[in-house]
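**Student:**
Residue numbers (my numbering): 150 to 452.
1) My output table needs one value for residue 287: the three-state DSSP class, helix, strand or coil.
2) Can you name the residues that DSSP bridges to residue 406?
3) Nearest to residue 439 by CA position, among 390, 271 and 295, is which residue?
4) Could you tell me how far apart the beta carbons of residue 346 and residue 288 are, in whole angstroms, since I believe they sit closer than 8 angstroms?
5) Within the chosen definition, does the stretch 396–411 reach the stretch 256–271 through at least 3 CB pairs nearer than 8 angstroms?
6) By alpha-carbon positions, which one of 434, 217, 235 and 241 ends up nearest to residue 309?
7) Mind checking residue 300: buried by the 16 CB within 10 Å criterion, or exposed?
8) Could you tell me which residues DSSP puts in a beta bridge with residue 228?
9) Do residue 418 and residue 430 have their beta-carbon atoms positioned less than 8 angstroms apart in this structure?
10) Note the first and the last residue of the continuous alpha helix (DSSP H) segment covering residue 313.
11) Taking C-beta to C-beta, are residue 348 and residue 424 nearer than 8 angstroms?
12) With a threshold of 7 angstroms, establish whether the CB of residue 422 neighbours any heavy atom of the ligand SAM.
13) Tell me which residue opens and which closes the beta strand (DSSP E) that residue 248 is part of.
14) Per the DSSP calculation, residue 219 is bridged to which residue(s)?
15) Just the C-alpha distance for residue 389 and residue 294, rounded to the nearest angstrom, thanks.
16) Measuring alpha carbon to alpha carbon, tell me which residue in 305, 194 and 322 is nearest residue 381.
17) On the CB-based measure, 16 or more other CB atoms within 10 Å of its CB, does residue 386 come out buried or exposed?
18) Taking the alpha carbon of residue 212 as the reference point, which residue from 197, 205, 202 and 226 has its own alpha carbon closest?
19) Quick check: residue 257 and residue 237, are their CB atoms within less than 8 angstroms of each other?
20) What did DSSP end up calling residue 233 once you bin it into helix, strand or coil?
21) In the DSSP assignment, what residue or residues form a beta bridge with residue 240?
22) Which class does residue 181 belong to by DSSP, given the choice of helix, strand or coil?
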C-alpha cells in the first residue's frame, strides 16, 4: 500500500540510548521506499508535541518503545479524527509490548518489510483520567515493578522480559503488599475490595512479554481486565510462571473480565503504569474509545 507522506518520530534515548545508533539503520531501510521526514525527540513529552502537529502527514511512525508509542498516540489524538494520520511502530525499546499486539516483528529489517506491505485497521484506544493509552494500564504491584525496572535499566542497560523479571523479584521480596480500593465496573455500584494488582489492557502482554490478558484483542471495543486479589507471597511466587505464559486465568484469586469502563478509588495515592510510564493518583477513571485510531499492521496480522 502507499504510505503517502510519512513522519518518522525517533526517540534516541529508547533502550538505554541504543536507538540513537539505529537512526542511520532506520533511514537506510526507509530510503527509496517511503517519502518521509525524520525528527529526533529531545526531551520527555517531545514526541507528543511533534505528533500533535503532524496533520499534514498521512502516516506517523513511532520509533522507540512503548513509552514513545504512548507519547505519539497522545499527540495524534489531539488532531481531529478527519485529519489524523495513520499510526505505526518500529520497535527499538525495552518492552515493545504494543508491537506484539500489532504483530510487528522485533527485527527492524523484517518490521519495515512487513509494514511496506501492510494494511490499515481501526483499533481501540484506552483512556485514563483524560490520558490515552495504546496497550495497557496496571495499578498496584505491577506499577511498582515498572518503576523498579526503570531504575535497573538506567544502571544496567537491561531490557525486555529479563529486565522485568529482575524488577519483579525485587518487588516481590521487598515491597510486596496489597491495596484496599473501591471499584466500580461498567457503572455498577462501588465495591470495596483489596487487590494485589489490576491490569486493564488493549493487548495480550505487558511488562516485556507477560501474558497478563492472553485473549485480549485491540479491536473489540472492550477492555480486558485482570484483577488479582490479596494473596500471600508464597502463592504469588508459585503462580508467577503461569502469568508469564498466560495460563493463570482460571486460577484463584485471579478474576478476568471484559468491560467498557472501570473506576478505581484509593484513600492514598496508588502507583499506576500507563504503557510502561509510571503515574500516581487516588482516582483512576478508565474507559475505552472503540476504533479511535487507524493503525498500519502487517498484512498477515489477525487480532
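Cβ atoms here follow ideal geometry from the backbone N, Cα and C, with glycine treated the same way.
**Tutor:** With the given structure in hand:
1) strand
2) 374
3) 271
4) 7 angstroms
5) no
6) 241
7) Under this definition residue 300 is an exposed residue.
8) In the DSSP output, where bridge partners are listed per residue, residue 228 has none listed.
9) yes
10) 309–323
11) Contact annotation: residue 348 and residue 424 have beta-carbon atoms that are not nearer than 8 angstroms.
12) By its list of ligands, the structure shown contains no ligand whatsoever, and the ligand SAM lies outside what it can speak to.
13) Element bounds for residue 248: not the beta strand (DSSP E) but the alpha helix (DSSP H), 246–251.
14) According to DSSP, residue 219 bridges with nothing at all.
15) Using only the alpha carbons, I get a separation of about 13 angstroms.
16) 322
17) exposed
18) 197
19) In this structure, the beta-carbon distance from residue 257 to residue 237 does not fall below 8 angstroms.
20) coil
21) 213
22) coil
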